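Take 1 as the starting number for the sequence shown in the UniProt record's numbering and just add one per residue.
Glycine residues also receive a C-beta, built at the ideal position from the N, C-alpha and C atoms.
All values derive from a computational prediction rather than experimental measurement.
Just below is one structure, and these are the notes that go with it.
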Amino acid sequence: MRTTSDENPDAPYPEGLRFGRIPITAVSPVVEDGRFPAKAIPGSDITVGATVFREGHDQLGVSAVLYDPEGKEVQRVRLAPVGSGLDRWAGTLRPSARGRHTFTIEGWSDVFGTWEHDATIKIAADVDTELMLAEGAALFDRAADERSGADAALFRATARALADQEAGVEARLAAGLSPEVHEAIGRAPVRSLVTASRHYPIEVERELAGRAAWYEFFPRSEGARYDPESAEWISGTFRAAAGRLDAVAAMNFDVVYLPPIHPIGRVHRKGPNNTLTAGPDDPGSPWAIGSEEGGHDAIHPDLGTFEDFDAFVARADELDLEVALDLALQAAPDHPWVTSHPEWFTTRVDGSIAYAENPPKKYQDIYPINFDNDPQGIAEEVLRVVTLWIGHGVKIFRVDNPHTKPVQFWEWLISRVNAEHPDVIFLAEAFTRPPMMHALGRAGFQQSYSYFTWRNTKTELEEYFTEISKVSPAYFRPNFFVNTPDILTEYLQYGGPAAFRIRAVLASMASPLWGVYSGYELFEHVARPGAEEYIDNEKFQYRPRDYERAEAEGRSLAPFITRLNAIRRSHPALGDLENLSIHSSTDPATLVFSKHKRTNEGKDTIIVVVNVDPHSTRESTVWLDLSQLELDAADLDGNGLFLVDDLVTGQTFSWGESNYVRLDPHVEPAHILSIRRQR
């Protein structure tokens with residue numbers, strides 16, 4: 001029963017009008033009027049909404065309808081009004097399969113709701129009593145004609161009961177408003193003047209596009225050693241690095257990300273701590289890609305061969321890990337491209353090629369690509385390189401500095417790759433202005449680095465969590481990396497081990513995507529003087545680590561990270577982005593948020609309380625917005641309290657609307673609480 005004023009040949013108005021019979025405006029999630037699809041993953045809850053209204057006083061109904069890639073209706077939900085007097089309606093769709101879906105909003109006259117409203121008021125006032133009962137009987141007769149089976153029989157019997165003038169008025173009205181009738185109407189409302197919006201696209205991508213824990217390490221550091229006899233460093237290899245995968249998998253990570261694995265340029269190679277002069281044995285930055293040994297389609301010979309890389313990927317697969325590879329579209333001065341395609345770079349008036357700069361940082365060992373010179377040739381070459389690595393089992397690419405390349409190029413590349421390889425995921429390492437970061441998401445990047453790295457205070461975090469969960473989730477999926485080889489924030493430099501625990505809790509609980517660069521679990525926090533990056537930076541030298549010894553001596557965060565990732569895997573609420581709700585506390589350093597999700601097994605609700613001050617114990621009263629927790633009467637005791645289990649310590653508490661909390665950052669910086677549901 002879908003009609004609009006444009007589709008109905010009997011409509012009294014000409015085609016082309018912008019409003020249908022029931023006006024539907026401000027539909028969401030819609031990205032640039034549907035030019036780009038909204039993002040989703042299977043099983044994720046998508047908040048859909050619209051402003052829908054009509055003339056007069058008849059009751060209105062609003063639905064959202066989800067269609068699969070073949071155009072088949074797969075889900076229909078009735079939306080609920082939001083606020084009072086705003087004509088805004090919202091609800092949740094949950095796609096179960098991948099592919100390009102669409103959704104529409106339907107507005108309709110609620111025939112039963114209108115009758116119920118009018119009959120209840122008028123009969124109570126003894127106004128038009130028989131007329132209202134007769135109209136109800138006619139309504140149910142029509143509804144019975146449109147249905148079959150038990151519902152048809154129920155509605156026919158209801159019509160007879162409403163028309164039975166020998167029965168009392170109260171009994172007749174009660175028959176039309178019975179729980180059985182409401183249940184049947186809820187399944188299939190009685191509608192008229194049904195008006196549908198346009199179809200708007202939703203791209204449902206595979207789970208790791210929106211839910212994953214990432215771990216980054218340099219394969220050349222795994223097994224690297226200093227040989228005192230030759231006074232030289234010996235690089236780690238893929239074969240040695242494969243041994244690290246077991247520990248990564250044991251920490252419950254999903255993705256292992258490798259910085260560039262290609263030959264490294266020797267011209268202007270950087271030395272330790274980004275010095276301009278490298279010694280003969282300094283390995284250089286992996287991001288200075290290319291030498292006489294090859295470019296983006298080659299492997300650094302110190303790491304091994306393609307056969308070794310394939311074995312590394314195969315071992316990761318055995319451990320249910322996926323390998324993400326860095327895609328850095330730049331070249332060392334001795335990259336083969338510089339000779340074969342000098343037009344791909346920017347030549348200055350003095351004849352030199354411009355090197356990369358990000359003031360105050362300078363990268364004399366890297367030439368940026370100029371996408372305005374031979375854009376087709378560059379695009380085809382990049383597509384060739386990406387396709388080559390896909391052929392070796394890589395389905396995830398972490399793209400270095402995509403904001404320094406044209407957005408148009410990324411839209412082309414990602415669409416071309418995903419057309420042939422829909423499993424491939426692109427992560428944008430774009431720490432830049434919001435419009436560019438958001439445009440990259442629209443262009444196809446499945447996820448992105450984010451400003452989380454620099455949001456530290458309660459106020460900053462509340463504002464940012466609200467933005468990423470309520471404003472931009474349709475086109476921007478934030479990956480909350482807690483650190484990178486380039487970024488060691490002051491919070492981590494001076495916050496001690498407590499800061500590392502706090503940031504891990506915030507990242508892993510607030511976002512379905514989060515990441516860790518190796519060394520984080522060892523509390524590495526010493527920065528190069530005057531810089532926000534590690535001293536003895538692994539970008540420029542080997543950095544083998546003794547993880548096992550640190551853990552044996554109790555100097556490792558690995559057990560805590562393992563627990564956080566286990567909690568993420570066990571609680572579906574943590575796998576969604578949009579369901580984050582901020583709660584309040586009386587302390588300016590105590591942050592409170594929750595995540596809630598209905599599942600086939602019941603309701604899953606996580607409450608996170610974090611002391612974001614790594615130096616001081618904080619006491620606070622936490623005030624919960626109970627409407628966000630969807631508590632049932634069975635969940636509450638006689639005092640209106642409910643049980644919560646701390647998923648880190650194993651303690652159980654009775655909580656209510658207000659709760660006292662004391663968090664010592666050196667002992668227990670956060671509560672991660674699961675509401676104990678009474679099923």
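- Message: Relative to the C-alpha of residue 632, which candidate in 677, 437, 19, 654 has its C-alpha closest?
- Response: Numbered from 1 along the sequence shown, position 632 holds the residue referred to as residue 632. Residue 632 has its Cα closest to that of 677, out of 677, 437, 19, 654.
- Is the beta carbon of residue 397 less than 8 Å from the beta carbon of residue 319? Looking up residue 397 in the sequence shown gives position 397. Looking up residue 319 in the sequence shown gives position 319. No, Cβ-Cβ distance for residue 397 and residue 319 is not below 8 Å.
- Message: Report the CB separation of residue 367 from residue 390 in whole angstroms; it is logged as a contact under 8 Å.
- Response: As a position in the sequence shown, residue 367 is number 367, starting the count at 1. As a position in the sequence shown, residue 390 is number 390, starting the count at 1. Their Cβ separation, rounded to whole angstroms, is 26 Å, which puts residue 367 and residue 390 out of contact at 8 Å.
- Query: Relative to the C-alpha of residue 699, which residue among 281, 652, 475 is closest?
  - Reply: Coverage of the chain is limited to positions 1 through 679, which leaves residue 699 absent and any answer about it impossible.
- Quick one: what does DSSP say residue 567 is sitting in, helix, strand or coil? Position 567 of the sequence shown holds residue 567. Looking at residue 567 - three-state DSSP - the assignment turns out to be helix.
- Message: Quick check: what's the CA-CA separation for residue 636 versus residue 508?
- Response: Position 636 of the sequence shown, counted from the start, is the residue given in the question as residue 636. Position 508 of the sequence shown, counted from the start, is the residue given in the question as residue 508. About 29 Å.
- As assigned by DSSP and simplified to three states, the class of residue 660: Reading the sequence shown from its first residue, position 660 is the one you call residue 660. The answer is strand: DSSP assigns residue 660 an E or B state.
- Close Cβ partners of residue 669 (< 8 Å) along its chain, the five nearest in sequence each way excluded: Position 669 of the sequence shown, counted from the first residue, corresponds to residue 669. Once the five neighbours on either side are set aside, the close Cβ partners of residue 669 are 498, 501, 502, 505, 610, 611, 614, 663.
- Continuous alpha helix (DSSP H) stretch holding residue 129: start and end: Reading the sequence shown from its first residue, position 129 is the one you call residue 129. It spans 129-145 - the alpha helix (DSSP H) in which residue 129 sits, taken as one unbroken run.
- Does the distance from the C-beta atom of residue 537 to that of residue 274 stay below 8 Å? The count along the sequence shown starts at 1 and reaches residue 537 at position 537. The count along the sequence shown starts at 1 and reaches residue 274 at position 274. With a cutoff of 8 Å on beta-carbon distance, residue 537 and residue 274 are scored as near each other.
- Query: Just the Cα atoms here: how many angstroms apart are residue 108 and residue 129?
  - Reply: Counted from its first residue, the sequence shown places residue 108 at position 108. Counted from its first residue, the sequence shown places residue 129 at position 129. Their Cα atoms are separated by approximately 26 Å.
- Taking just the CA atoms, how far does residue 414 sit from residue 545? By one-based count along the sequence shown, residue 545 stands at place 545. By one-based count along the sequence shown, residue 414 stands at place 414. If you take the alpha carbons of residue 545 and residue 414, they lie about 36 Å apart.
- Pair within 8 Å by beta-carbon distance, residue 289 and residue 328: One-based indexing of the sequence shown puts residue 289 at position 289. One-based indexing of the sequence shown puts residue 328 at position 328. Cβ distance < 8 Å, so residue 289 and residue 328 count as in contact.
- Item | Three-state secondary structure (DSSP) of residue 182 | One-based indexing of the sequence shown puts residue 182 at position 182. DSSP places residue 182 in helix when its eight states are reduced to three.
- Just the Cα atoms here: how many angstroms apart are residue 682 and residue 45? In the structure as shown, the chain starts at 1 and stops at 679, and residue 682 therefore has no counterpart that could be examined.
- Message: Helix, strand or coil, according to DSSP, for residue 503 in the structure here?
- Response: Here residue 503 refers to the residue found at position 503 when the sequence shown is read from its first residue. Helix, per DSSP.
- Query: Is residue 457 near the ligand COA, in the sense that its beta carbon is under 7 Å from a heavy atom of that ligand?
  - Reply: Ligands displayed in this structure: none; no statement on the ligand COA is therefore possible.
- Query: Across which residues does DSSP place residue 261 in a beta bridge pair?
  - Reply: Taking the first residue of the sequence shown as 1, we reach residue 261 at position 261. For residue 261, which the question treats as bridged, DSSP gives no partner whatsoever.
- Can you tell me which of the three DSSP states residue 542 falls into? Here residue 542 is taken as the residue at index 542 of the sequence shown, counted from 1. Coil.
- Message: Does residue 559 pass the burial test, meaning 16 or more other C-beta atoms within 10 Å, or should it be called exposed?
- Response: Here residue 559 corresponds to residue number 559 of the sequence shown, with the count starting at 1. Classification for residue 559: exposed.
- Query: Which ranges would you report for the beta strand (DSSP E) in the stretch 79-133 if only whole runs of at least 3 residues count?
  - Reply: The qualifying runs are 80-82, 88-93, 99-110.
- What span of residues does the beta strand (DSSP E) with residue 203 cover, start to end? Walking along the sequence shown from the start, residue 203 turns up at place 203. Counted as a single uninterrupted DSSP element, the beta strand (DSSP E) harbouring residue 203 occupies residues 200-204.
- What residues in its chain sit with their C-beta under 6 Å from that of residue 302, if we drop five residues either side in the sequence? Taking the sequence shown and counting its residues from 1, one reaches residue 302 at position 302. Excluding sequence neighbours, residue 302 sits near 235.
- Output the distance between the C-alpha atoms of residue 96 and residue 650, rounded to the nearest integer angstrom. Locating residue 96 in the sequence shown gives position 96, counting from the first residue. Locating residue 650 in the sequence shown gives position 650, counting from the first residue. The alpha-carbon atoms of residue 96 and residue 650 are separated by roughly 33 Å.
- Query: Nearest-angstrom Cα distance between residue 252 and residue 582?
  - Reply: Taking the first residue of the sequence shown as 1, we reach residue 252 at position 252. Taking the first residue of the sequence shown as 1, we reach residue 582 at position 582. The straight-line gap from Cα to Cα measures roughly 27 Å.
- Query: In angstroms, rounded to a whole number, what distance separates the CA positions of residue 423 and residue 532?
  - Reply: Against the sequence shown, residue 423 aligns to sequence position 423. Against the sequence shown, residue 532 aligns to sequence position 532. Cα-Cα distance, rounded: 35 Å.
- First through last residue of the alpha helix (DSSP H) which encompasses residue 55: Within the sequence shown, numbered from 1, the residue matching residue 55 stands at position 55. That residue, residue 55, is in no alpha helix (DSSP H); it is neither H nor E in DSSP.
- Query: Residues in its own chain within less than 7 Å of residue 519 by CB, not counting five upstream and five downstream?
  - Reply: Start at 1 with the first residue of the sequence shown, and residue 519 comes out as number 519. Correct list, in chain order: 545.
- Query: Is DSSP giving residue 596 helix, strand or coil here?
  - Reply: As a first step, residue 596 must be located in the sequence shown, where it is residue number 596. Of the three classes helix, strand and coil, the one that applies to residue 596 here is strand, per DSSP.
- Message: Once DSSP output is grouped into helix, strand and coil, what is the label at residue 627?
- Response: Against the sequence shown, residue 627 aligns to sequence position 627. Correct three-state label for residue 627: helix.
- Item | Nearest residue (CA-CA) to residue 384, options 401, 373, 417 | As a working mapping, residue 384 is identified with position 384 in the sequence shown. Checking every option, the nearest Cα to that of residue 384 belongs to 417.
- Are the beta-carbon atoms belonging to residue 291 and residue 365 less than 8 Å from one another? Within the sequence shown, the letter at position 291 stands for residue 291. Within the sequence shown, the letter at position 365 stands for residue 365. Against a cut-off of 8 Å, the Cβ pair of residue 365 and residue 291 comes out as no contact.
- Message: Please state the DSSP three-state secondary structure of residue 396.
- Response: The residue given as residue 396 occupies position 396 in the sequence shown. Residue 396 falls in the strand class under three-state DSSP.
- residue 325 by DSSP, collapsed to three states: which one? As a working mapping, residue 325 is identified with position 325 in the sequence shown. In the three-state reduction of the DSSP assignment, residue 325 falls in the strand class, which pools E and B.
- Task: Note the first and the last residue of the continuous alpha helix (DSSP H) segment covering residue 315.
- Result: Here residue 315 refers to the residue found at position 315 when the sequence shown is read from its first residue. Note, residue 315: alpha helix (DSSP H), 306-318.
- Does DSSP classify residue 612 as helix, strand or coil? The residue labelled residue 612 in the question sits at position 612 within the sequence shown. It is coil, neither helix nor strand.
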